[in-house]
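Encoded as structure tokens, the structure appears first; notes follow it.
There are 2 protein chains.
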Amino acid sequence: MKDNNTFREIGEKLLEADSVLVYPHVNMDGDALGSAVAVCRTLRNLGKTCWILIEDDIPRNLQFLDRGYCTCDQNVVSAPDVSLCLDCGDVSRFLKRKDKFREGKVNICIDHHRTTVPFCQYNYVDPDAAATGQLVYYLLQEMGTEIDGEIADAIFAAITTDTGNFQYSNTTKECHEITAELYEKGVDVRRVSQQVYESVRLERVMLHGKALSQLEIFAGGQAAMTVVTQRMLRETGAGMDETEGIVDKLRAIDGVEIAILVKEDVDKIKLSLRAKSRANVAVIAEHLGGGGHTKAAGGTMKMTLEEALPLIRQEVENALL
Amino acid sequence: MKDNNTFREIGEKLLEADSVLVYPHVNMDGDALGSAVAVCRTLRNLGKTCWILIEDDIPRNLQFLDRGYCTCDQNVVSAPDVSLCLDCGDVSRFLKRKDKFREGKVNICIDHHRTTVPFCQYNYVDPDAAATGQLVYYLLQEMGTEIDGEIADAIFAAITTDTGNFQYSNTTKECHEITAELYEKGVDVRRVSQQVYESVRLERVMLHGKALSQLEIFAGGQAAMTVVTQRMLRETGAGMDETEGIVDKLRAIDGVEIAILVKEDVDKIKLSLRAKSRANVAVIAEHLGGGGHTKAAGGTMKMTLEEALPLIRQEVENALL
Chain G
1 MKDNNTFREI GEKLLEADSV LVYPHVNMDG DALGSAVAVC RTLRNLGKTC
51 WILIEDDIPR NLQFLDRGYC TCDQNVVSAP DVSLCLDCGD VSRFLKRKDK
101 FREGKVNICI DHHRTTVPFC QYNYVDPDAA ATGQLVYYLL QEMGTEIDGE
151 IADAIFAAIT TDTGNFQYSN TTKECHEITA ELYEKGVDVR RVSQQVYESV
201 RLERVMLHGK ALSQLEIFAG GQAAMTVVTQ RMLRETGAGM DETEGIVDKL
251 RAIDGVEIAI LVKEDVDKIK LSLRAKSRAN VAVIAEHLGG GGHTKAAGGT
301 MKMTLEEALP LIRQEVENAL L
Chain L
322 MKDNNTFREI GEKLLEADSV LVYPHVNMDG DALGSAVAVC RTLRNLGKTC
372 WILIEDDIPR NLQFLDRGYC TCDQNVVSAP DVSLCLDCGD VSRFLKRKDK
422 FREGKVNICI DHHRTTVPFC QYNYVDPDAA ATGQLVYYLL QEMGTEIDGE
472 IADAIFAAIT TDTGNFQYSN TTKECHEITA ELYEKGVDVR RVSQQVYESV
522 RLERVMLHGK ALSQLEIFAG GQAAMTVVTQ RMLRETGAGM DETEGIVDKL
572 RAIDGVEIAI LVKEDVDKIK LSLRAKSRAN VAVIAEHLGG GGHTKAAGGT
622 MKMTLEEALP LIRQEVENAL L
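Chains G and L are the protein sequences, given in the same order.
If you read the first sequence in the numbering used here, its first letter stands for residue 1, the second for the next number, and so on.
If you read the second sequence in the numbering used here, its first letter stands for residue 322, the second for the next number, and so on.
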């Protein structure tokens, strides 16, 4: 495995370049896009040609970060001096753009995923960093370029989203030190938090409300299960993707060890399982024809809701009782 | 209005004392209890007699902070050397304990509420502090006493709760600087976050679900309002204190500028108002017989739900349209 380069080496490559294409991963999150925006704005402030090349949509709550930086047009720059991928563990994270990525005269990877094996000419991979945005901040400091309010907002967005707003166990002293410094750069924490966390679709809130008010507790209070039906989607106008987060709310219930969200698809049942501490939901998912991790698993059942629910209850009870 | 004393003066009084009683406010929150625990443990570590005197229950999600510090027994110490109230704007915040408070040979107030007029012999009131816990941290630093992991947890609990986990507009650079320093003192951020935010009563989840699934949108999508009735409390088994957080979820809806939670009390209506960015809900609250801050206000209306709702809608529409 290649050793890391230094931020100085990577910074020099960026400062030498006239044109840079930045690659966040597909299904971009706040860390991928925030990091990309911070770099893109920095390089544009220096008069360089820089674009963030994407292949899918920007999530609604992150669109405020893109002030004309993102494009899906692979011809926006031909053979750029640098291809820089951010928060990507390997090319599978930018599959439709991988050939374009290789067009770069120099390619660089900055990432914080534990599984990442350096695959570029220049690499900086630090699994102990809570967010790639943290590494980008250190890079910009090394480059000595100005961090303005917009760059500060982008780095804060990266850090707050990847740390679950400073609550996840990956949160470190450095996250708070950097955020404190971002205040001096003019970060607007309120604005970013509002955009990222406080622009929830009404339909989503209604759906979560319905789902939670109809939850079922069993296995002596250790299991919480709720159902989202096609009818509930029609009544609220929400999409099935907006069920995201419901199962976590079930798991947060005092005494609940296993949380189950049952989604009624058109011709099948989709299942999301979460364990709080000791239970292994991967085993339950396997028994029901699915799979996953010990604390988060899922599956698909080719049957009706009425048929699926008793089977699910039984498997969960077997695991808990 | 008396000027503030220095942390040195206040610290000396605490260090000279053999016995200290600490007074958080009624309906204690994370800032009041966290600040009190930080001081109490510090003084006990020094071998002093110290108790936190309370007059009501500790909220479930904060009980982990009390490791034998809190008591309702006003005779636990007679005529203590120091009475210290924390996060209290005036004696009305510890009404049932005010005579006991005056028993202290010296009385001290540390607070951060803008409306607080110093009313003790020694006072430190800083409205720019995000939390009283922040002021307690500075006090302990001035005292030069050891801040151990438990004290760090208590101060972190105070700061994270009063800043809405670093999201409210009162959050400052100092909040992050202090939190970064708490990491060096052994703060367990994950443990505190889990206790404070992730051990939710089933009844609370059910109540929030009901309230959100019945929300009303008006003023062209700029206002979101929902009601919690006595019947909903009976049906879910939740307490009115468990409505906390509902109004924030309403404010988080895309396009919503003003969020309103209407609580049906036995013989009156209680109102919670939140503004997202530009609106001033203090004015609305005043028109309805209440008051508060521009972004968070409330009030009590001596009428039925049916009478109150149109009045509230009208005031909110006047403010928005």
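Using N, Cα and C, we set each Cβ at its ideal position, and we do this for glycine too.
Since this is a predicted model, take the numbers as computed values, not measurements.
Exercise. Residues of chain L with a CB under 9 Å from the CB of Arg97/G: which are they?
Worked result: Walking along the first sequence from the start, residue 97/G turns up at place 97. None at all; the shortest Cβ gap to chain L is about 30 Å.
For this session: With DSSP collapsed to three states, give me the class of Lys589/L.
Result: Taking the first residue of the second sequence as 1, we reach residue 589/L at position 268. Taken through DSSP and simplified to helix, strand or coil, Lys589/L comes out as coil.
For this session: Hey, could you find the ends of the beta strand (DSSP E) Val403/L is sitting in?
Result: Residue mapping note: residue 403/L aligns to position 82 of the second sequence, counting from 1. Counting along the chain, the beta strand (DSSP E) containing Val403/L begins and ends at 403 to 407.
Exercise. Lys96/G and Glu55/G look like a contact to me (Cβ under 8 Å); what is the Cβ gap, rounded to whole Å?
Worked result: Numbered from its first residue, the first sequence carries residue 96/G at position 96. Numbered from its first residue, the first sequence carries residue 55/G at position 55. Sure, about 4 Å apart at Cβ, within 8 Å.
For this session: Name the residue from Glu203/G, Val247/G, Ser213/G, Asp126/G whose alpha carbon lies nearest to the alpha carbon of Gly239/G.
Result: Your numbering for residue 239/G matches position 239 in the first sequence. The residue from Glu203/G, Val247/G, Ser213/G, Asp126/G with its alpha-carbon nearest to that of Gly239/G is Glu203/G.
Exercise. Sorted by chain position, which residues of the same chain lie with C-beta nearer than 7 Å to Ala540/L's C-beta, five sequence neighbours on each side aside?
Worked result: Numbered from its first residue, the second sequence carries residue 540/L at position 219. Short of 7 Å from the beta carbon of Ala540/L, and not among the five residues preceding or following it, lie these beta carbons of its own chain, in chain order: Val637, Glu638, Leu641, Leu642.
For this session: Run the CB neighbour count on Leu456/L, radius 10 Å, all protein chains shown included, and call it buried at 16 or more, exposed below.
Result: By one-based count along the second sequence, residue 456/L stands at place 135. Counting Cβ neighbours within 10 Å, Leu456/L comes out buried, since at least 16 surround it.
Exercise. Based on the DSSP output, what are the partners of Gly620/L in its beta bridges?
Worked result: Position 299 of the second sequence, counting from 1, holds the residue named residue 620/L. Gly620/L is bridged by DSSP to Leu592/L.
Exercise. Excluding five sequence neighbours on each side, which residues of the same chain lie with their C-beta closer than 7 Å to the C-beta of Arg102/G?
Worked result: Numbered from its first residue, the first sequence carries residue 102/G at position 102. Excluding sequence neighbours, Arg102/G sits near nothing in its chain.
For this session: Measuring only between beta-carbons, confirm whether Met225/G sits less than 9 Å from chain L.
Result: Residue numbering aside, residue 225/G sits at position 225 when the first sequence is read from its first letter. No, Met225/G lies away from the interface with chain L (no Cβ there is under 9 Å from its Cβ).
Exercise. Tyr344/L CB to nearest chain G CB: under 9 Å?
Worked result: Here residue 344/L is taken as the residue at index 23 of the second sequence, counted from 1. Chain G contact via Cβ: absent.
For this session: Give a yes or no on contact between the stretch 62 to 75 of chain G and the stretch 175 to 187 of chain G, applying the rule of three or more CB pairs nearer than 8 Å.
Result: The stretch 62 to 75 of chain G is not in contact with the stretch 175 to 187 of chain G.
Exercise. Per DSSP, Val20/G forms a beta bridge with which residues?
Worked result: As a working note, residue 20/G is residue 20 in the first sequence. Beta-bridge analysis with DSSP links Val20/G to Cys50/G, Val82/G.
Exercise. For Leu62/G versus Gly30/G, is the C-beta spacing smaller than 9 Å?
Worked result: Here residue 62/G refers to the residue found at position 62 when the first sequence is read from its first residue. Here residue 30/G refers to the residue found at position 30 when the first sequence is read from its first residue. Cβ atoms of Leu62/G and Gly30/G: closer than 9 Å.
Problem set entry | Three-state secondary structure assigned by DSSP to Ala580/L | Sequence index remark: in the second sequence, residue 580/L carries index 259 (1-based). In the three-state reduction of the DSSP assignment, Ala580/L falls in the strand class, which pools E and B.
Exercise. Going along the chain, which residues of the stretch 566 to 592 of chain L sit with their C-beta nearer than 9 Å to a C-beta in chain G?
Worked result: Per Cβ criterion, the list reads Asp569, Lys570, Leu571, Arg572, Ala573, Ile574, Asp575, Gly576, Val577.
Problem set entry | Sub-9 Å separation of Ile579/L and Ala600/L beta-carbons | Locating residue 579/L in the second sequence gives position 258, counting from the first residue. Locating residue 600/L in the second sequence gives position 279, counting from the first residue. Judged by their CB atoms, Ile579/L and Ala600/L are nearer to each other than the 9 Å cut-off.
Problem set entry | Interfacial residues, the stretch 493 to 508 of chain L to chain G, with Cβ spacing under 9 Å | Interface annotation for the stretch 493 to 508 of chain L against chain G: Thr493, Lys494, Glu495, Cys496, His497, Glu498, Ile499, Thr500, Ala501, Glu502, Leu503, Tyr504, Glu505, criterion Cβ-Cβ distance under 9 Å.
For this session: Can you have a look at Asn486/L and say buried or exposed, based on whether 16 or more other CB atoms are within 10 angstroms of its CB?
Result: For this step, residue 486/L is matched to residue 165 along the second sequence. Result: buried.
Exercise. So Thr547/L is in the beta strand (DSSP E); what residue range does that whole segment cover?
Worked result: Translated into the one-based positions of the second sequence, residue 547/L becomes position 226. Per DSSP, the continuous beta strand (DSSP E) segment holding Thr547/L begins and ends at 544 to 549.
For this session: Mind the definition here: the stretch 126 to 135 of chain G touches the stretch 14 to 22 of chain G only if three or more C-beta pairs lie below 8 Å; say whether that holds.
Result: With a cut-off of 8 Å, the stretch 14 to 22 of chain G and the stretch 126 to 135 of chain G do not count as touching, because too few Cβ pairs lie within range.
Exercise. Nearest to Met225/G by CA position, among Leu250/G, Ala158/G, Arg231/G, is which residue?
Worked result: Here the question's residue 225/G lines up with position 225 in the first sequence. The shortest Cα separation from Met225/G among Leu250/G, Ala158/G, Arg231/G belongs to Leu250/G.
Exercise. The beta strand (DSSP E) spanning Cys430/L covers which residue range?
Worked result: Residue 430/L sits at position 109 when you count from the first residue of the second sequence. Looking at the DSSP string, the run of the beta strand (DSSP E) that includes Cys430/L is 427 to 432.
Exercise. From the beta carbon of Ile217/G, is the nearest beta carbon of chain L less than 9 Å away?
Worked result: Here the question's residue 217/G lines up with position 217 in the first sequence. It does: the Cβ of Ile217/G has a partner Cβ on chain L nearer than 9 Å.
Exercise. Between which two residues does the alpha helix (DSSP H) containing Phe101/G stretch?
Worked result: Along the first sequence, read from residue 1 onward, the residue named residue 101/G stands at position 101. Element bounds for Phe101/G: 98 to 102.
For this session: Determine the chain L residues that contact Asn165/G at a beta-carbon separation under 9 Å, and present them in chain order.
Result: Start at 1 with the first residue of the first sequence, and residue 165/G comes out as number 165. Near Asn165/G (Cβ distances below 9 Å), the residues of chain L are Asn486, Phe487, Gln488.
Exercise. Hey, is Gly221/G's beta-carbon within less than 9 Å of any beta-carbon in chain L?
Worked result: Translated into the one-based positions of the first sequence, residue 221/G becomes position 221. Gly221/G counts as touching chain L.
Problem set entry | Val205/G at chain L interface by Cβ criterion, 9 Å | Residue mapping note: residue 205/G aligns to position 205 of the first sequence, counting from 1. Taking Cβ atoms only, chain L reaches closer than 9 Å to Val205/G, which makes this a yes.
Problem set entry | Pairwise C-alpha distance: Ile246/G and Met322/L | Position 1 of the second sequence holds residue 322/L. Position 246 of the first sequence holds residue 246/G. Residue placement at Met322/L is poorly supported in this model, since its pLDDT is 44, which falls under 50; the coordinates are not used for a value here.
Problem set entry | Minimum Cβ-Cβ distance from Lys210/G to chain L less than 9 Å | On the first sequence, residue 210/G is found 210 positions in, with the first residue counted as 1. Interface residue (Cβ-Cβ distance to chain L less than 9 Å): Lys210/G is classified as such.
Problem set entry | Spatial distance of Gln488/L from Gly291/G (CA atoms) | Indexing the second sequence from 1 puts residue 488/L at position 167. Indexing the first sequence from 1 puts residue 291/G at position 291. Going from the Cα of Gln488/L to the Cα of Gly291/G covers about 36 Å.
Exercise. For chain G, is any of its Cβ atoms less than 9 Å away from the one on Gln535/L?
Worked result: Here residue 535/L corresponds to residue number 214 of the second sequence, with the count starting at 1. At least one chain G Cβ lies under 9 Å of Gln535/L.
For this session: Would you please verify whether the beta carbon of Val398/L is less than 9 Å from any beta carbon of chain G?
Result: For the purposes of this step, residue 398/L is taken as residue 77 along the second sequence, with counting starting at 1. For Val398/L, the answer is no, since every Cβ of chain G falls outside 9 Å of its Cβ.
Exercise. Expressed to the nearest angstrom, what Euclidean distance is found between the alpha-carbon atoms of Thr229/G and Ala223/G?
Worked result: For the purposes of this step, residue 229/G is taken as residue 229 along the first sequence, with counting starting at 1. For the purposes of this step, residue 223/G is taken as residue 223 along the first sequence, with counting starting at 1. Cα-Cα distance, rounded: 20 Å.
Exercise. What do you get for Met349/L, buried or exposed, if any count of 16 or more other CB atoms within 10 angstroms of its CB means buried?
Worked result: Within the second sequence, the letter at position 28 stands for residue 349/L. Buried is the call here.
Exercise. Shortest alpha-carbon distance to Thr370/L belongs to which of Asp378/L, Gln516/L, Ser399/L?
Worked result: In the second sequence, residue 370/L corresponds to position 49, counting from 1. Among Asp378/L, Gln516/L, Ser399/L, the Cα nearest to that of Thr370/L is on Ser399/L.
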